[in-house]
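Visitor: After the structure tokens below, expect a handful of questions from me.
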Amino acid sequence: MSRRIIPLTDARSLPPLPTTARVRKPQRLVLDALERPLRDLRISVTDRCNFRCVYCMPRAVFDKDYPFLPHAALLTLEEIERLARLFVAQGVGKIRLTGGEPLLRKNIEFLIERLAALRTPDGEPLDLTLTTNGSLLTRKARALKDAGLTRVTVSLDALDDALFRRMNDADFAVSDVLDGIEAAQAVGLAPLKVNMVVKRGTNDQEIVPMARHFRNSGVTLRFIEYMDVGTSNGWNMTEVLPSADVVARIDAHYPLAPLEAHTAAETAQRWGYVDGAGEIGVISSVTRAFCGNCTRARLSTEGKLYLCLFASMGYDLRALVRNGATDEGISAAIAQIWEGRADRYSQLRGSAATTPSAAERRVEMSYIGG
Ligand code: SAM
Ligand code: SF4
Ligand code: SF4
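Residue numbers are given in UniProt numbering: position 85 of the sequence shown equals residue 85, and the series is strictly consecutive.
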């Protein structure tokens, strides 16, 4: 069967609607060129943040002159809901809201309410979650839960207050985030996960204290290898601490044993404390690529569909939405774009195939949301 794949040439132009009128009925399984289904959608609801994490939004780049998206460029909450609904009809069962800092988006609770009402083709509710730096959670946890959020992931890179303030570079205290985690747990946003990005030489001394702190707490702590996302964080392989070292360091204090993955597409490898104090996860995006199971699509704040965290360009779904495309037309475009997907950056990292040209800058983490 011949497929007309929408060319990935110019992120600013509108991907043409399928002219072959091969408008497909929403179906349960759309496979990409490497046979990977479309299962997860990450939606970035803002490109702005109240933190300036050194590995994500270095202050020297993301300063007062940085060209953040103007308000009119953002997908409205109704537009996000419509696109989410069409993705769900194509097989997406899990949606993660992210950013920038998603809790900075006005009326995020309204969006959550709408997304929580969506059902998969099998009639199941979505696994609806959100990744946050935690700074606004104390204030917002109850409203998020009431709106229908299932659970939450909080980012925290250190327990040492001075180090944490240096890493977020916006003078937020560790206690702000710990209070947010407690508030989320208290309202039942569970199971709660905490993400720690490990940067060798910066916060790797915090691995064991973090593990100790979250043992027996019901929180799953996950260690993320520092990644070369975007072009502004000055990433260097020497600053990546392999997950195997993280596991070894914790295991020396608190013995660990491997656990089975929940699903084939799970990004984290699970380890359980032998003494029953809970589990941790390691996300080895650099040293153990998991592209083969990558079922994630990413929708940017301005409505571009990205097929990989390391992509340079995205497909402009907002243009389709604002130019009056029908649900069927947008669904067909999503399916066609996904069917043409062959991205596997982490597997190819370092090869010529992954070196972007000067014109193709990889998107920033704060724009696409991780
Ligand atoms: N602001 C929210 C937060 O920090 O949780 C959501 C957006 S943030 C971009 C999503 C996740 O990406 C966070 O857990 C953050 O620590 C992680 N992240 C950002 N830059 C990264 C990098 N270069 N390597 C690995 N993880 C990174
Ligand atoms: Fe903001 Fe999250 Fe990036 Fe930190 S990691 S700067 S909190 S978007
Ligand atoms: Fe998925 Fe791209 Fe990450 Fe591979 S590099 S796991 S394809 S987002």
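Just so it is clear, CB atoms sit at the ideal spot from N, CA and C, and this is done for glycine as well.
Check whether the region 66-83 touches the region 298-314, taking contact to mean three or more Cβ pairs, one atom from each stretch, closer than 8 Å.
Guide: The region 66-83, when compared against the region 298-314, does touch it at the 8 Å Cβ threshold.
Visitor: Among Leu41, Ser155, Lys193 and Asp176, whose alpha-carbon lies nearest the alpha-carbon of leucine 86?
Guide: Nearest of Leu41, Ser155, Lys193 and Asp176 to leucine 86, Cα basis: Leu41.
Visitor: In angstroms, rounded to a whole number, what distance separates the CA positions of threonine 98 and arginine 318?
Guide: Each residue's alpha carbon lies about 18 Å from the other.
Visitor: Using the beta-carbon count (16 or more within 10 Å), is serine 2 buried or exposed?
Guide: Since pLDDT at serine 2 reaches only 37, below the 50 mark, its modelled position is unreliable, and no value is offered.
Visitor: Leaving aside the five residues before and after valine 92 along the sequence, list all residues of the same chain whose C-beta is less than 7 Å from its C-beta, in chain order.
Guide: The answer, listed in chain order, is Leu38, Arg39, Asp40 and Leu41.
Visitor: Count the other CB atoms within 10 Å of the CB of lysine 106; is the residue buried (16 or more) or exposed (fewer)?
Guide: It is exposed - the Cβ of lysine 106 has fewer than 16 other Cβ atoms within 10 Å.
Visitor: For alanine 244, would you say it is in contact with chain C, using Cβ-to-Cβ distances shorter than 8 Å as the test?
Guide: Protein chains in the displayed structure number just one, and chain C is not present.
Visitor: Taking 8 Å as the cut-off, decide whether the C-beta atoms of valine 152 and leucine 126 are in contact.
Guide: No, the Cβ-Cβ distance between valine 152 and leucine 126 is not below 8 Å.
Visitor: Near ligand 2, which residues have their beta-carbon less than 7 Å from any of its heavy atoms, given in chain order?
Guide: Per the Cβ criterion, the list is Cys49, Phe51, Arg52, Cys53, Cys56, Met57, Gly99, Gly100, Glu101, Asn133, Ser155, Asn168, Met365 and Ser366.
Visitor: Can you find at least 3 beta carbon pairs, one from the region 199-210 and one from the region 241-249, that sit closer than 8 Å?
Guide: Touching, per the Cβ criterion.
Visitor: Would you kindly work out how many angstroms separate the C-alpha atoms of tyrosine 55 and arginine 344, rounded to a whole number?
Guide: Approximately 22 Å, taken between the alpha carbons.
Visitor: With distances taken from CA atoms, which of Phe110, Thr220 and Glu101 is nearest glycine 276?
Guide: Looking at the Cα atoms, Thr220 is the closest of the given residues.
Visitor: What three-state label does DSSP hand leucine 111 in the structure shown?
Guide: If DSSP states are grouped into helix, strand and coil, leucine 111 belongs with the helices.
Visitor: Are the Cβ atoms of valine 154 and glycine 180 separated by less than 8 Å?
Guide: Yes; because the gap between Cβ atoms is below 8 Å, this pair is in contact.
Visitor: Since arginine 52 and aspartate 160 should fall inside the 8 Å C-beta cutoff, what is the C-beta to C-beta distance between them, to a whole number of angstroms?
Guide: In fact, because the Cβ distance is near 18 Å, the residues do not count as touching under 8 Å.
Visitor: If contacts are defined as beta-carbon pairs under 8 Å, then alanine 257 and glycine 281 qualify, I think. What distance do you get, rounded to the angstrom?
Guide: Not really, about 14 Å apart at Cβ, beyond 8 Å.
Visitor: Which residue or residues does DSSP assign as beta-bridge partners of isoleucine 224?
Guide: Isoleucine 224 pairs with Val197 and Ile283.
Visitor: Pick helix, strand or coil for valine 23, following the three-state DSSP scheme.
Guide: Annotation note: pLDDT 36 at valine 23 (below 50); position unreliable, coordinate value reported separately. Coil.
Visitor: Comparing C-alpha positions only, which one of Pro58, Pro67, Arg36 and Arg48 sits nearest to tryptophan 235?
Guide: Closest by alpha carbon: Pro58.
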